[in-house]
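Residue numbers (the working numbering), protein chains in the order written: chain Z, 14 to 274; chain B, 1093 to 1455. First the structure, in the form of structure tokens, and then the observations on it.
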């Protein structure tokens, strides 16, 4: 399902953190949001999954304004994986994943066989089926993140919204999680810090800087040495990845941008 | 990813997340509640055998004329209303504790965290001090005792209104803001209460004041039971309807929003329900401590964190606990009743420390 952000602005405590952003994730496409810290990625995503209200502009889900939908209705189409980690309240892994069914259930409705099946499938999908009865709070960071992704999958969304899903994961778990995202073939909006990961996983990249969109397009077109210097303030060369052929950014970790050659 | 992932490490220190099934546990707790109620009515300065207890109750319930004598008086007029009030108040405190811990996402929260009970205490203490100054009889259970209850509830509402006004600003009922508003108001009203306590002049006033500050179920009468019982039942239904939302809140506000929960609205609704119920409970029993803190923890250890099971079980567990504690408070010392707040604190503080300790254990 196509999701579009139209002329979106977000104001937090009087500060405009997202300013008139237009971007589109086509059906089945993985759209990456990149940009330095504080560039507005998280705020933009929060408006898409309706934690924040836009101060101007709209989010369109298959052409319909999500603000016109009841929260539970839009949550059947859009699932979010935010950065928060949850408190320790004795929840089991299965209970956390089963929360994905929330938007489908009425006030007093119990989980039925269908919900149990979907929950089990989502857990199997992320390779955590064996951990279903463990306490969520006792999992490692990588395991937690996979369980939270399973929770989002149990929501059976048309659009996945992920905010830095690979944070705090070791390289192998990063690779596994991103591979899983690609397998999904679902419309995905993902904010990523790691530009090389973004370059190889995303179909299109949208670069945010100080709340404004400064570039959009295929990773190859967007990730240039000039843009990296201007937006991220780093010196880097963009080469071809020897294994995958994707753009590979080789950062110069010794020299801040604007100095040297 | 599936095939490349090793089986999760298991170790003997890892408990299964859920140890007991909720259904059988609820049945066991209901049985325990009946036993505790029977014991509560049976034990006291005059012990009445359980068979006699039920005979008196059966006589009353079937509408036959009660047997004349002290047994009917002790069972029906004195001990049964008190035991039932203990059950109702305990159920309410357990319920409120569980819900408040969820909306402020802090397992160390309790029903009094949000300032409601300090308002009730101030209202009650003000009424006692003012009333006895005017030479009125304000012992609990008397007509004017009900006036004090009313003053307590009014105080609770005033505190609730203050916390509401402060907490709704800046983003709307954010957990930290709610807690800080509650603590601030509680400190402020507590200061006023302390000042009033200093103004008490005789033993009767001091006793009346202590009743509210420490909590007591003494002097319970049938007429006082219906309102708190109805309030507990209504609150249970309202909270149970929001159980999935409370679950989602445990994971964080953003996660809950992503699951289609209107977080601000949910938090506001639960704050209103728990505050009003707390006000009613404190108005009939004073501020009985630790029950609302302990019960949610005990229940989470037993059945896990899902509020669909947790809320009704917290109510049941709270009921059993308070009936048992009140019976102990009445009977532990010969010829003298311990304030129930003393017993819950003496039992509750070590429990809290144990729970804190357990939370700090390396995982």
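Backbone N, C-alpha and C define an ideal beta-carbon position, used for all residues, glycine too. Note that the structure is predicted; figures quoted are calculated from it, not measured.
Could you compute how far the alpha carbon of residue i sits from the alpha carbon of residue j?
i                       : j                       : result
residue 1438 of chain B : residue 1380 of chain B : 12 Å
residue 9 of chain Z    : residue 58 of chain Z   : One cannot answer for residue 9 of chain Z here, as it falls past the ends of chain Z, which runs 14 to 274.
residue 1157 of chain B : residue 1133 of chain B : 20 Å
residue 1233 of chain B : residue 1149 of chain B : Below a pLDDT of 50, predicted positions are generally treated as unreliable, and residue 1233 of chain B, at 47, falls in that range; the measurement from the model is reported next regardless. Computed Cα separation, rounded: 22 Å.
residue 1316 of chain B : residue 1177 of chain B : 8 Å
residue 278 of chain Z  : residue 206 of chain Z  : Outside the displayed range of chain Z (14 to 274) lies residue 278 of chain Z, so it cannot be described from this structure.
residue 154 of chain Z  : residue 81 of chain Z   : 36 Å
residue 231 of chain Z  : residue 1185 of chain B : 58 Å
residue 193 of chain Z  : residue 1209 of chain B : 51 Å
residue 176 of chain Z  : residue 1402 of chain B : 31 Å
residue 195 of chain Z  : residue 127 of chain Z  : 26 Å
residue 14 of chain Z   : residue 1368 of chain B : 45 Å
residue 143 of chain Z  : residue 133 of chain Z  : 10 Å
Bridge partners of residue i, per DSSP?
i                       : result
residue 176 of chain Z  : Z:204
residue 93 of chain Z   : Z:174
residue 78 of chain Z   : Z:73
residue 1134 of chain B : The partner list for residue 1134 of chain B (beta bridge, DSSP) is empty, contrary to what the question assumes.
residue 105 of chain Z  : Z:148
residue 263 of chain Z  : Z:250
residue 1425 of chain B : B:1428
residue 269 of chain Z  : Z:247
Is there a Cβ of chain Z sitting closer than 8 Å to that of residue i, yes or no?
i                       : result
residue 1261 of chain B : no
residue 1310 of chain B : no
residue 1342 of chain B : yes
residue 1268 of chain B : no
residue 1397 of chain B : yes
residue 1171 of chain B : no
residue 1332 of chain B : yes
residue 1113 of chain B : no
residue 1455 of chain B : Low per-residue confidence applies at residue 1455 of chain B: pLDDT is 40, beneath 50, and the placement is therefore not dependable, though the value from the model is reported in the following sentence. Chain Z contact via Cβ: present.
residue 1051 of chain B : Absent from the model: residue 1051 of chain B. The displayed extent of chain B is 1093 to 1455, so no value can be given.
residue 1345 of chain B : yes
residue 1422 of chain B : no
residue 1336 of chain B : yes
Hey, is residue i's beta-carbon within less than 8 Å of any beta-carbon in chain B?
i                      : result
residue 178 of chain Z : no
residue 115 of chain Z : yes
residue 44 of chain Z  : no
residue 264 of chain Z : no
residue 87 of chain Z  : yes
residue 84 of chain Z  : yes
Just curious, the alpha helix (DSSP H) that residue i is in, first and last residue?
i                       : result
residue 1150 of chain B : 1142–1153
residue 1360 of chain B : 1355–1377
residue 228 of chain Z  : Element bounds for residue 228 of chain Z: not the alpha helix (DSSP H) but the beta strand (DSSP E), 225–230.
residue 186 of chain Z  : 184–197
residue 1277 of chain B : 1267–1290
residue 1195 of chain B : 1172–1195
residue 1337 of chain B : 1335–1343
residue 1296 of chain B : 1295–1306
residue 60 of chain Z   : 54–61
Grab the span of the beta strand (DSSP E) containing residue i for me, first residue to last.
i                       : result
residue 254 of chain Z  : Taken as a continuous stretch (DSSP letters only), residue 254 of chain Z belongs to no beta strand (DSSP E), as it is neither H nor E.
residue 22 of chain Z   : 16–25
residue 29 of chain Z   : 28–38
residue 217 of chain Z  : 217–222
residue 135 of chain Z  : Here residue 135 of chain Z belongs to no beta strand (DSSP E); instead the alpha helix (DSSP H) covers 126–138.
residue 1166 of chain B : First-last for residue 1166 of chain B: undefined, no H or E at that position.
residue 46 of chain Z   : 43–47
Residues from the stretch 53–79 of chain Z in contact with chain B, defined by Cβ distance under 8 Å
59, 62, 63, 64
The stretch 92–113 of chain Z: which residues have C-beta closer than 9 Å to a C-beta of chain B, in chain order?
92, 93, 94, 95, 96, 97, 98, 99, 100, 101, 102, 103, 104, 105, 106, 107, 108, 109, 111, 112, 113
If the cut-off is 7 Å on Cβ atoms, which residues from the stretch 1350–1363 of chain B count as contacting chain Z, listed in chain order?
1350, 1351, 1352, 1353, 1354
With 8 Å as the limit, tell me which residues of the stretch 1379–1406 of chain B have their beta carbon closer than that to any beta carbon of chain Z; keep them in chain order.
1392, 1393, 1396, 1397, 1398, 1400
So if I threshold CB-CB distances at 8 Å, which residues from the stretch 115–143 of chain Z count as touching chain B?
115, 116, 118, 120, 121, 123, 137, 138, 139, 140, 141, 143
Closer than 9 Å between beta carbons: that is the criterion. Which residues of the stretch 1190–1216 of chain B meet it against chain Z?
1193, 1194, 1197, 1198, 1199
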